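A.B. asks: Take the sequence shown: its letter number 179 is residue 355 in this note's numbering, and every next letter is one higher.
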Amino acid sequence: MNCIKYFITVLKIKSFSEAARKLFITQSAVSQSVKSLEKQLGVTLFHRKSRNIQLTNEGELLFSYVSQAYNFLKTAEEKLQEFEGLTAGEIRIGVSDSICKYFIMPYIKKFGQMYPNIMVKVINRTTPQLLDVLKGGLIDIAISTLPVNQNMFNAVPFIFVQDIFVASDKFKELKEREITLQELNGYPLVLLQSDSSTRKSVDRFFQSQGLTCSPEIELESLDLLVEFAKIGTGIACVLKESAVDAIKSGDLFKIITKEPLPPRSIGVVTMKNVVLSKAVKTFISELI
């Protein structure tokens, strides 16, 4: 790379000595580098007897091939330096909409204020889908429910979140009293779809109590769960933070179960053996 760099610099400046000054090296180093390139290629690149630096036919042929490639490499080098200095680049984050809305947005806002030239792209998916797009290289990090496959991914815990059951006054007989999970299972339940990590966690919890969870309604959106609970279609299992406003306003109340749902661990997941950019590492350090 240096030999080509010196060759092009000499050609553009038309002087070995001036090229050396521009490159901050000795004239001898420039001359030796060009001679080394000529020896490698088995040709003469410059007419050295002329007062003005001129290319030989072979030199012109080499220049026609390497000049554009050199310019691309130079641009790439400059861009990489910008990325390293966090003055350019992007990070691609995969996260569920609920975790993004209630936990990740403040970090994205702060990161954008600190590094305004770094573009932040966000993809919303369920945890299984996030891990698939992470494997496919479409995102740099996934923020998902743990545990994950430790053979393929690196995972660092970020936060613990709590799911709760909520209902409208249609089920007011359950208000302010403790009920068993078996009793709760006799009511119409509104849950996320079965392929979501949250739903799988709920299913495992019911199974641990010797019960099978059979919801009346399955939805893709956490916010829709809250809305369906408000209109009395059933008792919804939601992220605690998503129901705070509805509980405060009296539209919903929290169901008190004798066997509370276990908290879920949310972590920052990356692919093993994949080198992360400085921008991605910086964002992760803000999270954890």
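We put the CB at the ideal spot given by N, CA and C, even for glycine. No experiment lies behind these values; they were computed from the predicted model shown.
Within 10 Å of its beta-carbon, does Met-447 have 16 or more other beta-carbons around it, so buried, or fewer, so exposed?
C.D. replies: Buried, since its Cβ has 16 or more Cβ neighbours within 10 Å.
A.B. asks: With a threshold of 8 Å on Cβ separation, who are the neighbours of Ile-184 within its own chain once the five nearest residues in sequence on each side are excluded?
C.D. replies: The residues are Phe-239, Val-242, Ser-243, Tyr-246.
A.B. asks: So Ile-411 packs on Leu-365, CB below 8 Å; how close in whole Å?
C.D. replies: 6 Å
A.B. asks: Could you tell me which residues DSSP pairs with Met-295 in its beta bridges?
C.D. replies: Glu-266
A.B. asks: For my contact list, Leu-310 and Val-186 are in at a C-beta cut-off of 8 Å; report their separation, rounded to the angstrom.
C.D. replies: The beta-carbon distance between Leu-310 and Val-186, rounded to whole angstroms, is 47 Å. This is too long to meet the 8 Å contact definition.
A.B. asks: On the DSSP bridge list, what partners appear for Asn-449?
C.D. replies: Partner(s): none; Asn-449 has no beta bridge.
A.B. asks: Cα separation between Tyr-278 and Leu-387?
C.D. replies: 31 Å
A.B. asks: Is Ser-390 buried or exposed, if buried means 16 or more other CB atoms sit within 10 Å of its CB?
C.D. replies: exposed
A.B. asks: So Ile-335 is in the beta strand (DSSP E); what residue range does that whole segment cover?
C.D. replies: 329–337
A.B. asks: Should the stretch 334–350 be regarded as contacting the stretch 294–311, the criterion being three or more beta carbon pairs within less than 8 Å?
C.D. replies: no
A.B. asks: Here's the rule I'm using: 16 or more other beta-carbon atoms within 10 Å means buried, otherwise exposed. How should Gly-288 be labelled?
C.D. replies: exposed
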